Amino acid sequence: DVKVTQSSRYLVKRTGEKVFLECVQDMDHENMFWYRQDPGLGLRLIYFSYDVKMKEKGDIPEGYSVSREKKERFSLILESASTNQTSMYLCASRPRGVYSGNTIYFGEGSWLTVV
Amino acid sequence: EDKVVQSPLSLVVHEGDTVTLNCSYEVTNFRSLLWYKQEKKAPTFLFMLTSSGIEKKSGRLSSILDKKELFSILNITATQTGDSAVYLCAGDNYGQNFVFGPGTRLSALP
Chain S
30 DVKVTQSSRY LVKRTGEKVF LECVQDMDHE NMFWYRQDPG LGLRLIYFSY DVKMKEKGDI
90 PEGYSVSREK KERFSLILES ASTNQTSMYL CASRPRGVYS GNTIYFGEGS WLTVV
Chain P
23 EDKVVQSPLS LVVHEGDTVT LNCSYEVTNF RSLLWYKQEK KAPTFLFMLT SSGIEKKSGR
83 LSSILDKKEL FSILNITATQ TGDSAVYLCA GDNYGQNFVF GPGTRLSALP
């Protein structure tokens, strides 16, 4: 089974702190994604990466950065956390070029509260 | 800009009711339409639809896609309390990423 692991499930951080959210997948997938999910807004794409050291901005990249130094790991960074970044963050991965039933796999989510 | 719209945004039903959830999409390089169920954690996959008019079924759930009118529906028959969740619809734009709708929150009461 594909596993996407988000190491931090629940975090409380102070305004201005630097926050790292880590995501690791074990299926050698090329593509990895970070979404945030807020009530009534669904999943919104923050950043995605289609290869090591490659990154693309999604719909809401402001206030975030990412790092993909190894294929299996995709990190989301909040340089200076703000209260409007309180949300649930979902990491996902998918293989490149494979067209099969369910091709995106989600982590369990990281609930971040910024106070 | 790609977008996916779902309706209704929330719905309260009683056990035994039949429910229809709607999803319309505008996705460039559209490849497929996916439905997910999300309870308190990660979304779980329900259906992937690529062809118009072919119904997919899984137990009490079924879904169909209309590529001409750019929409899909998800039906749940004989609703149970365990069906309470947020149902997400997503358009796949040929492997770039998934464009998600806002979700429909379904509450199924005993």
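Line order of the protein sequences matches chains S and P. Once you know that position 90 of the first sequence is 119 in the numbering used here, the rest is easy, because the numbers rise by one and skip nothing. Once you know that position 66 of the second sequence is 88 in the numbering used here, the rest is easy, because the numbers rise by one and skip nothing. Backbone N, C-alpha and C fix where the C-beta goes; we use that ideal spot for every residue, glycine too. Computed from a predicted model, the values in this text were never measured in an experiment.
In terms of residues, what are the limits of the beta strand (DSSP E) holding residue i?
i                       : result
isoleucine 75 (chain S) : 71-78
arginine 169 (chain S)  : In the structure as shown, chain S starts at 30 and stops at 144, and residue 169 (chain S) therefore has no counterpart that could be examined.
methionine 83 (chain S) : Unbroken run through methionine 83 (chain S): none, as it is neither H nor E.
tyrosine 116 (chain P)  : Careful: tyrosine 116 (chain P) lies outside any beta strand (DSSP E) and carries neither H nor E.
arginine 102 (chain S)  : 102-107
glutamine 28 (chain P)  : 25-29
Does any residue of chain P have a CB that is nearer than 9 Å to the CB of residue i?
i                       : result
threonine 132 (chain S) : yes
isoleucine 51 (chain S) : In the sequence as presented, isoleucine is not what sits at residue 51 (chain S); that position holds glutamate. Chain P, which has no Cβ nearer than 9 Å to the Cβ of glutamate 51 (chain S), makes this no.
arginine 97 (chain S)   : no
tyrosine 118 (chain S)  : no
valine 48 (chain S)     : no
arginine 65 (chain S)   : no
glycine 92 (chain S)    : no
So, at 8 Å on beta carbons, what are the nonlocal neighbours of residue i in its own chain, with the 5 sequence-adjacent residues on each side left out?
i                     : result
arginine 43 (chain S) : Ala110, Val143 and Val144
lysine 82 (chain S)   : Arg97 and Glu98
glycine 130 (chain S) : Bear in mind that a pLDDT of 48 at glycine 130 (chain S), under 50, signals an unreliable position, so the number given afterwards is only what the model happens to contain. The answer is none, since no qualifying residue turns up.
glycine 138 (chain S) : Gln35, Arg38, Gln66, Met117, Tyr118 and Leu119
For residue i, which residues in the same chain have their Cβ closer than 7 Å to its Cβ, ignoring the five residues on either side in sequence?
i                           : result
phenylalanine 122 (chain P) : Val26, Leu110 and Ala112
alanine 100 (chain P)       : Gly38 and Arg82
glutamate 108 (chain S)     : Lys47 and Ser94
Alpha carbons only, please: which of the options is nearest the one belonging to residue i?
i                       : options                               : result
glutamine 28 (chain P)  : P:Lys78, P:Asp39 and P:Trp57          : P:Trp57
serine 32 (chain P)     : P:Arg127, P:Leu92 and P:Lys62         : P:Arg127
serine 80 (chain P)     : P:Phe69, P:Glu48 and P:Asp88          : P:Phe69
glutamate 48 (chain P)  : P:Glu61, P:Phe93 and P:Ile86          : P:Phe93
lysine 84 (chain S)     : S:Asn60, S:Gln66, S:Leu70 and S:Asp67 : S:Asn60
tyrosine 64 (chain S)   : S:Tyr118, S:Phe135 and S:Ser122       : S:Tyr118
leucine 74 (chain S)    : S:Gly138, S:Phe62 and S:Thr132        : S:Phe62
isoleucine 76 (chain P) : P:Pro65, P:Asp88, P:Lys63 and P:Phe67 : P:Asp88
Of all Cβ atoms in chain S, is any one closer than 9 Å to the Cβ of residue i?
i                          : result
lysine 63 (chain P)        : yes
glycine 123 (chain P)      : yes
glutamine 28 (chain P)     : yes
leucine 92 (chain P)       : no
phenylalanine 52 (chain P) : no
serine 129 (chain P)       : no
leucine 43 (chain P)       : no
leucine 71 (chain P)       : no
glutamate 48 (chain P)     : no
leucine 56 (chain P)       : yes
Quick one: what's residue i bridged to in DSSP?
i                       : result
glutamine 54 (chain S)  : S:Val33
isoleucine 95 (chain P) : P:Asn44 and P:Ile86
threonine 66 (chain P)  : P:Lys59
threonine 126 (chain P) : P:Tyr109
Once the 5 residues before and after residue i are set aside, which same chain residues still bring their CB inside 6 Å of it?
i                      : result
leucine 131 (chain P)  : His36
tyrosine 39 (chain S)  : Trp140
valine 41 (chain P)    : Val35, Ile98 and Thr101
aspartate 88 (chain S) : Arg73 and Leu74
*asked:* To be precise: take each residue of the stretch 81-115 of chain P, compare its Cβ to all Cβ atoms of chain A, and keep it if any distance is under 7 Å. Which residues remain?
replied: No chain A is present in this structure, whose protein chains are S and P.
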